[in-house]
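For any residue, its number in this note's numbering is found by taking its place in the sequence shown, counting from 1, and adding 74.
We treat Cβ as the ideally placed atom computed from N, Cα and C, and that holds for glycine.
I have placed the structure first, in the form of structure tokens, so that the comments after it can refer back to it.
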Amino acid sequence: MKDPFHYLKVPRTDPPVFTAELRVRRFAEIHVPFKAETAALQADRCLACGNPYCEWKCPVHNYIPNWLKLAAQGRIREAADLCHRTNSLPEICGRICPQDRLCEGACTLNDGFGAVTIGAVERYITDTALATGWRPDLSDVETTGWRVAIVGAGPAGLSCADVLVRNGVAATVYDQYPEIGGLLTFGIPEFKLEAGVIRQRRTILEEMGVQFVLGTRIGRDLPFTQLLDQYDAVFLGMGTYRGIRGGFPGEQLEGVELALPYLLSSARRILDFPQDERGYIDMAGQQVVVLGGGDTAMDCNRTAIRQGAGSVTCVYRRDEANMPGSRRELHHAREEGVQFLWNRQPVAILGDRQVTGIQLMETRLGAPDERGRRRPETIPGSEQVLPADRVIIAFGFLPDPADWFGDAHIDTRPNGLVSTRGEDSEFAFQTGNPRVFAGGDMVRGSSLVVHAVHEGRSAAQGILDYLAACTPALRTAAL
Ligand code: FAD
Ligand code: SF4
75 MKDPFHYLKV
85 PRTDPPVFTA
95 ELRVRRFAEI
105 HVPFKAETAA
115 LQADRCLACG
125 NPYCEWKCPV
135 HNYIPNWLKL
145 AAQGRIREAA
155 DLCHRTNSLP
165 EICGRICPQD
175 RLCEGACTLN
185 DGFGAVTIGA
195 VERYITDTAL
205 ATGWRPDLSD
215 VETTGWRVAI
225 VGAGPAGLSC
235 ADVLVRNGVA
245 ATVYDQYPEI
255 GGLLTFGIPE
265 FKLEAGVIRQ
275 RRTILEEMGV
285 QFVLGTRIGR
295 DLPFTQLLDQ
305 YDAVFLGMGT
315 YRGIRGGFPG
325 EQLEGVELAL
335 PYLLSSARRI
345 LDFPQDERGY
355 IDMAGQQVVV
365 LGGGDTAMDC
375 NRTAIRQGAG
385 SVTCVYRRDE
395 ANMPGSRREL
405 HHAREEGVQF
415 LWNRQPVAIL
425 GDRQVTGIQL
435 METRLGAPDE
445 RGRRRPETIP
455 GSEQVLPADR
465 VIIAFGFLPD
475 PADWFGDAHI
485 DTRPNGLVST
495 RGEDSEFAFQ
505 TGNPRVFAGG
515 DMVRGSSLVV
525 HAVHEGRSAA
535 QGILDYLAAC
545 TPALRTAAL
């Protein structure tokens, strides 16, 4: 019989982290995984509320109380089965979802008792099950004969492939990069998510029958029309990759970098992949200023620290309470030696050929904008110069629709995002071309892994519904 006051006797315990001194010397995950006993004790803190708000707040609507109960009982393989019923990448979401804003933020115990450590238990369940040989059971799957091409091996594409093969559809995933994962591999640094975790997921997906064609850019190495000719339907999960610039003078100076090429060059170096023409971007010994307050800025800060930067200062135009990045990452960045300058608006990057500094103005928060966030207003006369050898611009990403979208009847909105029918329409995530579906960042805008997972899975259901509803003749006749 479960002790009803267990959650009072056993406080919330997060997985321990390595010391900052050790962390900054290596590109490796910073959390020490739960041991079996701690995972069971933490999972057992769940109150099994009648109306589990955590499930509603989780974008993939995981059966959280159910798998927490199984984990508390040590029934890890059953828990892993259940985790995979709703989530294609539970070990990854367990590591990098901003749980404080999602499932754990909605946990009833978050009201003064400490939320259940849902993310860490999800990670523990999946890591442990996979390490002991658990694999998805596809023994009941009947082959349909349908073939679907997926463009993009990021979380949206991988999740779409996962659901398709579980439903007997042959899924082939194309990606321009030499490894799967999209931003999981080539954006998010190893101190948050090690590449080995994604390689393990690749092995599982391949064992399930997913085919990967890597190092192939659709539209350059292979025409999109060839996919339409060879497959019954196509899913696009191509992400958003156009870095937003500040629009202030000096952005073209030597020493100014955009966040994603910087993180990509670091990932290539660590994973031993060839660099592009820009080469490896190294911050060793430099006075680095990172502009931005989101998760990408945090990842740049902490990458520069690990490269041996002389100093790293992160400049953000709102205050700490209004920064968009995760509190957890801010805390880790501070521990690792990153300095933060809040309420500062960059107005110019200074230098003749090479960056020497950045001109800032102090800000105060004014009236809310259309999204409800208070607008920063510069304070006249507050100009100041912050010396810098290198500046990294981490202001987020814009969609970059491919030039072949128009010919393929894939409609975009004025902001460049691909327009699809919502998940509740007849064929979820279908684009203007009935045989083409899309999801993830290229539809929603830069967002979270768990949203890409959700949309990839929902689009797979849309594709299954569409293929089931269409006769072969109709499918061939479609655009
Ligand atoms: P992507 O992951 O971008 O994958 C798209 C794939 O499509 C890429 O592999 C690309 O190579 C491929 N592709 C594009 N065009 C073509 C083409 N023509 N031919 C072939 N392949 C193509 N989210 C979190 O939840 N937690 C975090 O901590 C977090 N940190 C982040 C840190 C950084 C630095 C960044 C940039 C993002 C972070 N995110 C985080 C957001 C998250 O990574 C994205 O929301 C998610 O990866 C989007 O998934 P996706 O599948 O839509 O696109
Ligand atoms: Fe929480 Fe993310 Fe897991 Fe959902 S997928 S339970 S939001 S960690």
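| Query | Result |
| --- | --- |
| Straight-line gap, Asp-369 to Thr-259 (C-alpha atoms, nearest Å) | 15 Å |
| Span of the beta strand (DSSP E) around Phe-511 | 510-512 |
| Reduced DSSP category for His-105 - H, G, I as helix; E, B as strand; rest coil | strand |
| Which residues DSSP lists as bridging Thr-505, in chain order | None, per the DSSP bridge assignment. |
| Boundaries of the beta strand (DSSP E) in which Glu-216 is found, first to last residue | First-last for Glu-216: undefined, no H or E at that position. |
| Expected contact under 8 Å - CB spacing of Thr-401 and Asp-174 to nearest Å | Rather than Thr, the amino acid found at residue 401 in this sequence is Arg. The pair is a contact, with the Cβ atoms about 6 Å apart (cut-off 8 Å). |
| Near the ligand FAD: Ser-521 beta-carbon under 7 Å from a heavy atom | yes |
| Cutoff 8 Å; reference Ile-537; Cβ partners in own chain excluding five residues on either side | Val-222, Cys-234, Leu-238, Val-243, Ala-307, Phe-309, Phe-501, Phe-511 |
| Inter-stretch contact at 8 Å, needing at least 3 Cβ pairs: the stretch 123-133 / the stretch 168-187 | yes |
| Option in His-105, Arg-119, Pro-172, Leu-115 with minimal Cα separation from Lys-131 | Pro-172 |
| Gln-173 CB to nearest heavy atom of the ligand SF4 below 7 Å | yes |
| Contact set for Gln-349: own chain, Cβ-Cβ below 8 Å, skip 5 residues either direction | Ser-339, Arg-342, Arg-343 |
| Member of Glu-178, Glu-497, Gln-304, Ala-110 whose CA lies at the smallest distance from the CA of Ser-532 | Glu-497 |
| Three-state class that DSSP yields for Leu-327 in the structure shown | coil |
| Boundaries (first-last residue) of the beta strand (DSSP E) holding Pro-461 | 458-461 |
| Cβ neighbour criterion (16 or more within 10 Å) applied to Asn-489 | exposed |
| Coil, strand or helix - Arg-149 by DSSP | coil |
| 8 Å Cβ shell around Ala-114 - same chain, five flanking residues per side excluded | Ala-145, Ala-146, Gln-147, Gly-148 |
| Which of helix, strand or coil DSSP assigns to Pro-488 | coil |
| Glu-280 classed as buried or exposed, judged by whether at least 16 other C-beta atoms fall within 10 angstroms | exposed |
| Cross-strand partners of Ile-466 (DSSP beta bridge) | Glu-331, Val-364 |
| CB contact flag (Trp-416, Glu-394, <8 Å) | yes |
| Inter-residue Cα distance where the pair is Thr-246 and Arg-509 | 15 Å |
| Beta carbon of Ile-262 nearer than 8 Å to that of Leu-365 | no |
| Per-residue DSSP class, three states only, for Val-421 | strand |
| Classification of Glu-253 by the beta-carbon crowding that lies within 10 angstroms, buried from 16 upward | buried |
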